[in-house]
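Below: one structure, written as structure tokens.
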Amino acid sequence: ASKYQAFRPIGLTDRTWPDAVLTQAPVWLSTDLRDGNQALIEPMDAARKLRMFELLVRIGFKEIEVGFPAASQTDFDFVRKLIEEDLIPADVTIQVMTPARAELIERTVEAVAGARRVIVHVYNAVAPVWRRVVFGLEVPQVMQLVDEHVGLVRRLTDARPDTEWVLQYSPETFSLAELEVSLEACETAIAAWGVGRPIILNLPTTVENATPNVFADQVEWMVRRFRDRPEIVVSVHPHNDRGTGTASAELALMAGAHRVEGCLFGNGERTGNLDLVNVALNLYTQGVDPGLDFSDIDEVRRTVEHCNQLPVHPRHPYAGDLVYTSFSGSHQDAIKKAFAQRRGGDVWAIPYLPIDPKDLGRSYEAVIRVNSQSGKGGIAYLLDSEYGLDLPRRLQIEFSQAVQQVMDTEGHELTAADLWQLFDSEYHVS
Ligand code: KIV
Ligand code: ZN
């Protein structure tokens, strides 16, 4: 039995509560080394790229977008290094991105020569504003662009039969485009790549411009067009402009998408790409194995901070420094009671803690801290757990008044050792 269970809203009967929970993990693609990297103040050098790649492999990603090799020599050389030094595990597929431009496609295919399996990711913008303002193209010209460039990928990759090739086509700006135009672009890509051959249709919210249910409706509309075609994988690539990237991904998965692209801790252009850690651990706390290993979340965070040279916020879901702390006395009291009553094998049901910190390599010690907002419960918990001092309730009340006085004058958090010292000075126990 799982330690976690899917949340069921109390009061909604089965009749009014649709079957809207996720029951299996999607295919994950990390684009930390491409979309994440392109948005860094200082893009990763070769050493940092390799550290990130090794981390992604350790976490368990089987599909990793390793760069935009036609854009920079660093990306090109990094992809060559992975292939020539045989650094890609047998069960991991690399993905490389290229815009729909002939010379960039040629360079991209050249970059991955000799790899075992590759996803070639081609994209072009399809939304009206981009067509009109950025490229000056009418819809038929957009379709011609897709046809020509996917056709070129097909010819170049057919000439290298030792590699197993998958095409990924992204109608960039999908969420801002007419569904019929996105569909036509996808159908054009499928035809140019070869009907029946493996293809990923990747639907981005290049700019997140609507509520997540709207994106999910757009995704569902597309998914319905590709039912019963197992060679077609529908993927989503949410950004986070409205701060709802995670919700967009989750609703899109419920709407039928099978794959998600994102970055660890939501790095990426502007407000970032979808946060993969967030979605994976949201699944985990609902009893679904995400197939990604975050059992040492601090190590993951340290490595990502090093590679991106960006800090993870202390309140970042699941990973921030402060997310397993409880400052409020009533919260501390509730947590203490729940820990005391918890038996091995119980479903996880600790108030205010949606996940057992131990599952991520974090400790209970940081859960309860004592400051001016705390009550007696937290104080008693720390003295008991750290010093084996089981205070009777009356003494808890009395001692918490002494602690409050110290707080009022000093104003900072007290550690278990501070509490012990104060207790000793009041009651002379040592
Ligand atoms: O956000 C986006 O639209 C992209 C595409 C290249 C998929 O990154
Ligand atoms: Zn993107």
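The opening residue of the sequence shown carries number 6 in the UniProt record's numbering; numbering runs sequentially from there.
All C-beta atoms in this analysis are idealised placements derived from N, C-alpha and C, irrespective of residue type, glycine included.
Looking only at its own chain, which residues have a Cβ that is under 6 Å from the Cβ of ALA116, when we skip the five neighbours before and after it? Answer for ALA116: PRO74, PHE81 and VAL84, listed in chain order.
Sorry if obvious, but does the Cβ on HIS126 come closer than 8 Å to a heavy atom of ligand 2? Look at HIS126: its beta carbon is at least 8 Å from all of the heavy atoms in ligand 2.
Contact defined as beta carbons within less than 8 Å: I believe PRO209 pairs with THR249. What is the distance between those atoms, to the nearest angstrom? Actually they do not touch by this definition, with Cβ atoms about 14 Å apart.
From ALA260 to VAL317, what does the alpha carbon distance come to, in whole angstroms? In this structure, the straight-line span from the alpha carbon of ALA260 to that of VAL317 is close to 30 Å.
For a minimum of 3 consecutive residues, which ranges assigned as the beta strand (DSSP E) are wholly contained in the region 81-156? Whole beta strand (DSSP E) segments, 3+ residues: 98-104 and 122-130.
Top-ranked residue by Cα proximity to ASN283, from ARG306, GLU274 and ASP338: Nearest option by C-alpha distance: ARG306.
Sorted by chain position, which residues of the same chain lie with C-beta nearer than 6 Å to GLY119's C-beta, five sequence neighbours on each side aside? Within its own chain, the residues whose Cβ lies closer than 6 Å to the Cβ of GLY119, once the five positions on either side in sequence are excluded, are ILE88, listed in chain order.
Consider the Cβ of HIS433: report whether some Cβ of chain C lies at a distance smaller than 9 Å. The structure shown contains no chain C; it is built from a single protein chain.
In angstroms with no decimal places, state the Cα-to-Cα distance between VAL101 and ALA76. Taking C-alpha positions only, VAL101 is separated from ALA76 by approximately 11 Å.
Can you give the Cα-Cα distance for ALA371 and ASP280, rounded to whole angstroms? Because ALA371 sits at a pLDDT of 46, beneath the cut-off of 50, its placement in the model cannot be relied upon, and the following sentence gives the value as read from the coordinates. Near 24 Å, if we compare the C-alpha coordinates of ASP280 and ALA371.
Can you find at least 3 beta carbon pairs, one from the region 181-191 and one from the region 145-162, that sit closer than 8 Å? Contact holds: three or more Cβ-Cβ distances are below 8 Å.
Residue range of the unbroken beta strand (DSSP E) whose run includes ASN207: Counting along the chain, the beta strand (DSSP E) containing ASN207 begins and ends at 204-210.
Which same chain residues end up closer than 6 Å to GLN10 when comparing Cβ atoms and leaving out the 5 residues on each side of it in sequence? In chain order, GLY292 and VAL352 place their CB closer than 6 Å to the CB of GLN10, counting only its own chain and leaving out the 5 sequence neighbours on each side.
Whole-angstrom C-beta distance between GLY72 and LEU297, which should lie under 8 Å: About 21 Å; that fails the 8 Å criterion.
Would you mind stating whether ASN272 and ALA51 have Cβ atoms separated by less than 9 Å? No, Cβ-Cβ distance for ASN272 and ALA51 is not below 9 Å.
With a threshold of 8 Å (Cβ to nearest heavy atom), would GLU68 be considered close to ligand 2? Outside the cutoff, so no.
So ALA130 and THR193 are in contact, right, with Cβ under 8 Å, and what is the actual spacing, rounded? Not quite, the Cβ-Cβ distance comes to about 14 Å (not below 8 Å), so this is no contact.
Taking the alpha-carbon of VAL411 as reference, which of VAL241, LEU427, ARG398 and GLN401 has the nearest alpha-carbon? Out of VAL241, LEU427, ARG398 and GLN401, the CA that lies nearest to the CA of VAL411 is found in LEU427.
According to the Cβ coordinates, are VAL212 and LEU181 closer than 9 Å? LEU181 sits close to VAL212, with the two beta carbons spaced by under 9 Å.
In whole angstroms, what is the alpha-carbon distance linking VAL241 and VAL123? If you draw a straight line from the Cα of VAL241 to the Cα of VAL123, it is about 19 Å long.
Residue range of the unbroken alpha helix (DSSP H) whose run includes TYR357: Careful: TYR357 lies outside any alpha helix (DSSP H) and carries neither H nor E.
Buried or exposed for LEU17, going by 16 or more other Cβ atoms inside 10 Å? It is exposed - the Cβ of LEU17 has fewer than 16 other Cβ atoms within 10 Å.
To which residues of the same chain is VAL62 closer than 7 Å at the C-beta, ignoring the five residues directly before and after it? Leaving aside the five residues that flank VAL62 on each side, the residues in its chain whose CB is nearer than 7 Å to its CB run, in chain order, PRO94 and VAL97.
Beta-carbon spacing of PHE270, PRO243 below 9 Å: Taking 9 Å as the cut-off, the Cβ atoms of PHE270 and PRO243 do not count as close.
Tell me whether PRO48 counts as near ligand 2, meaning its Cβ is closer than 8 Å to at least one heavy atom of that ligand. Flag unset: Cβ of PRO48 not near ligand 2.
Quick check on this structure: which residue in TRP425, PHE344 and ASP222 has the alpha carbon closest to the alpha carbon of VAL375? If we check each option's Cα against that of VAL375, TRP425 comes out closest.
Residues bridged to GLN173 by DSSP? Bridge partners of GLN173 according to DSSP: HIS126 and ILE205.
Give the secondary structure of VAL239 by DSSP, where H, G and I count as helix, E and B as strand, and everything else as coil. Of the three classes helix, strand and coil, the one that applies to VAL239 here is strand, per DSSP.
Distance cut-off 8 Å: ASN278 Cβ against heavy atoms of ligand 2: Residue side-chain check: ASN278 places its Cβ nearer than 8 Å to a non-hydrogen atom of ligand 2.
Pull up the distance between the alpha-carbon of TRP170 and that of ALA421, whole angstroms please. Whole-angstrom Cα-Cα distance: 58 Å.
CB contact flag (ILE204, GLN223, <9 Å): The answer is no: Cβ separation not under 9 Å.
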